[in-house]
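Below you'll find the structure, written out as structure tokens, and then a few comments.
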Amino acid sequence: MAKKRPSTSIVPLSCEPVDLIADVRALVGGGEAIDAALLDAAMRGWSRNTRRAFRSDLTLWDGWCRKHGVSACEASPADVAAWIRALAGIDTPDMTPRAAATIERYLVHVGWAYRMAGLPDPTADPLVKFERKAARKHLGVRQRQARAIRFKGDIADLDSPACGVCLAHLIKACRRDALGLRDAALLRIAYDTGARRSELVAIDVAHVEGPDAEGAGILNIPSSKTDQAGEGGEAYLAPATMVAIARWREVGGIDKGPLLRRVVTHFDGSIDRIGAARLHPNSIGLIYKRLVRRAWEKRLLGEMSEAELDRWLKAVSSHSIRVGVAQDNFAAGEGLPAIMQAYRWRDARTVMRYGAKLAMKSGASARLAKRFSEQG
Numbered sequence: 001m002a003k004k005r006p007s008t009s010i011v012p013l014s015c016e017p018v019d020l021i022a023d024v025r026a027l028v029g030g031g032e033a034i035d036a037a038l039l040d041a042a043m044r045g046w047s048r049n050t051r052r053a054f055r056s057d058l059t060l061w062d063g064w065c066r067k068h069g070v071s072a073c074e075a076s077p078a079d080v081a082a083w084i085r086a087l088a089g090i091d092t093p094d095m096t097p098r099a100a101a102t103i104e105r106y107l108v109h110v111g112w113a114y115r116m117a118g119l120p121d122p123t124a125d126p127l128v129k130f131e132r133k134a135a136r137k138h139l140g141v142r143q144r145q146a147r148a149i150r151f152k153g154d155i156a157d158l159d160s161p162a163c164g165v166c167l168a169h170l171i172k173a174c175r176r177d178a179l180g181l182r183d184a185a186l187l188r189i190a191y192d193t194g195a196r197r198s199e200l201v202a203i204d205v206a207h208v209e210g211p212d213a214e215g216a217g218i219l220n221i222p223s224s225k226t227d228q229a230g231e232g233g234e235a236y237l238a239p240a241t242m243v244a245i246a247r248w249r250e251v252g253g254i255d256k257g258p259l260l261r262r263v264v265t266h267f268d269g270s271i272d273r274i275g276a277a278r279l280h281p282n283s284i285g286l287i288y289k290r291l292v293r294r295a296w297e298k299r300l301l302g303e304m305s306e307a308e309l310d311r312w313l314k315a316v317s318s319h320s321i322r323v324g325v326a327q328d329n330f331a332a333g334e335g336l337p338a339i340m341q342a343y344r345w346r347d348a349r350t351v352m353r354y355g356a357k358l359a360m361k362s363g364a365s366a367r368l369a370k371r372f373s374e375q376g
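First residue of the sequence shown? That's 1 in full-length UniProt numbering, and the numbers climb one at a time after it.
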């Protein structure tokens, strides 16, 4: 990202501070001096995921500058504005537009790189601020929400039978071998704790306490997305979850180290071995999708068409159970502060957004519409 880039290539997927410092140094150019201590402290203060995103975003900006003959260290606000229009699909309709929130993240990280390098920050110019506003207006600022996986599905009464895509049906769809026992433990832990994917894969055997006299347990969560200082947190594990964990540990011979591990299968689906390494965060959403498809194949989802299944598979993510937990808590009458405290949320707006669709179905407009439809 400078007048003369180093000939050595960037280490793929690396997010170590030393590699990110080299990237910011490249932004400045060989003839400029930067405060390496400041850069090192900033990089070490960020989480690993933030460092990874920072490096990815700088690489994207560097690629755009190179493609358009712009020296990144001399980029002007007009160059940044043109980049925003390209990302939003305003100037280049053939380019896949990024979400407004994604563009904002790019600009924050690029701006940080310029400021760390002691260069004027072109992202802070009024022209760029107006282009950001125009991009948000063009794209819309509402983020696509992962489709919720609730315990019994989309029901109004929590005592009603399970229906459609729900945790109860995904648990029934789990295989009866080691893979199924791992999946069942994962599903139950994810629902009880509302854990993010990074928190799930970070669980070690030593983090699980119990069972107590009632069969319940406690999960110690050392750190999370909103707890980079590592203050830690705790979450309740139901007796059924503790049983699922015990069954998985027994079949896997897992006495210490990572709890949720990869199960390697042969081409025909039979079990090859249970790995020693923890699951990758990206695998969580894929496991949920696989179980949704398996539940559909086992006729557990009712009269669901293949087209509706495809829509579900596109909308399910590693966050789906966390969204479902929030909706079930609202349906059970739990208050916002209690939900935020129990599941480690910092932003009330996020939780309220998760409960918005549930509130819409039970709100004034829904009650009035239902009343008149019954009289028609």
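Even glycine gets a Cβ: it sits at the ideal position worked out from N, Cα and C.
As the structure is a computational prediction, the values presented were derived from the model and not from experiment.
Taking the C-alpha atoms as reference points, what is the distance between residue i and residue j?
{"i": "L260", "j": "L158", "result": "29 Å"}
{"i": "E306", "j": "A146", "result": "19 Å"}
{"i": "R262", "j": "C174", "result": "15 Å"}
{"i": "residue 378", "j": "C163", "result": "Residue 378 is absent from the structure shown; the chain starts at 1 and stops at 376."}
{"i": "G118", "j": "R55", "result": "18 Å"}
{"i": "P222", "j": "K133", "result": "38 Å"}
{"i": "D40", "j": "Y343", "result": "32 Å"}
{"i": "residue 377", "j": "I271", "result": "Within the shown structure, residues of the chain are numbered from 1 to 376, placing residue 377 beyond reach of any answer."}
{"i": "A42", "j": "R48", "result": "12 Å"}
{"i": "R81", "j": "T102", "result": "The sequence as given places Ala at residue 81; Arg does not occur at that position. Their backbone Cα atoms lie some 15 Å apart in a straight line."}
{"i": "K289", "j": "L313", "result": "6 Å"}
{"i": "H266", "j": "M340", "result": "42 Å"}
{"i": "E308", "j": "A195", "result": "27 Å"}
By a C-beta neighbour count over all protein chains shown, 10 Å radius and 16 as the cutoff for buried, is residue i buried or exposed?
{"i": "R346", "result": "exposed"}
{"i": "P122", "result": "buried"}
{"i": "V333", "result": "The question names Val, but residue 333 is Gly in the sequence shown. It is exposed - the Cβ of G333 has fewer than 16 other Cβ atoms within 10 Å."}
{"i": "H109", "result": "buried"}
{"i": "L167", "result": "buried"}
{"i": "L38", "result": "exposed"}
{"i": "R44", "result": "exposed"}
{"i": "T193", "result": "buried"}
{"i": "S318", "result": "buried"}
{"i": "E199", "result": "buried"}
{"i": "N329", "result": "buried"}
{"i": "H169", "result": "buried"}
{"i": "A235", "result": "buried"}
{"i": "V264", "result": "exposed"}
{"i": "S7", "result": "With a pLDDT of 34 at S7, under the threshold of 50, the modelled position of that residue is not reliable, and the figure given next carries that caveat. Result: exposed."}
Just to check my reading of the structure: residue i and residue j have Cβ atoms closer than 8 Å, yes? What is that Cβ distance to the nearest angstrom?
{"i": "G210", "j": "A202", "result": "Going by Cβ atoms, the distance from G210 to A202 rounds to 19 Å, so no, they are not a contact pair."}
{"i": "E131", "j": "I84", "result": "5 Å"}
{"i": "L186", "j": "I287", "result": "7 Å"}
{"i": "V323", "j": "A148", "result": "4 Å"}
{"i": "L139", "j": "A88", "result": "6 Å"}
{"i": "L291", "j": "D183", "result": "6 Å"}
{"i": "A135", "j": "A100", "result": "6 Å"}
Cα-Cα, which of the options is closest to residue i?
{"i": "D204", "options": "T50, R278, K289 and R176", "result": "R278"}
{"i": "T59", "options": "A26, A100 and E303", "result": "A26"}
{"i": "I321", "options": "V70, Y114 and F151", "result": "F151"}
{"i": "V91", "options": "D79, C73 and T102", "result": "As written in the sequence, residue 91 is Asp, which differs from the Val given in the question. For D91, the nearest C-alpha among the options comes from D79."}
{"i": "A206", "options": "D255, V165 and K298", "result": "D255"}
{"i": "E214", "options": "W112, N220 and L237", "result": "L237"}
(Q) Report the start-end ranges of each alpha helix (DSSP H) in the stretch 94–139 that is 4 residues or longer and not cut off at the edges. (A) 100–116 and 126–139
Q | Segments of 4+ residues assigned as alpha helix (DSSP H) that fall wholly inside the stretch 171–202 | A | 178–193 and 197–201
(Q) At 3 residues or longer, what runs of the beta strand (DSSP E) sit wholly inside the stretch 222–294? (A) 233–237, 261–265 and 271–278
Q: Could you tell me which uninterrupted alpha helix (DSSP H) segments, each at least 4 residues in length, are contained entirely in the stretch 293–338, listed from first to last along the chain?
A: 306–315 and 320–331
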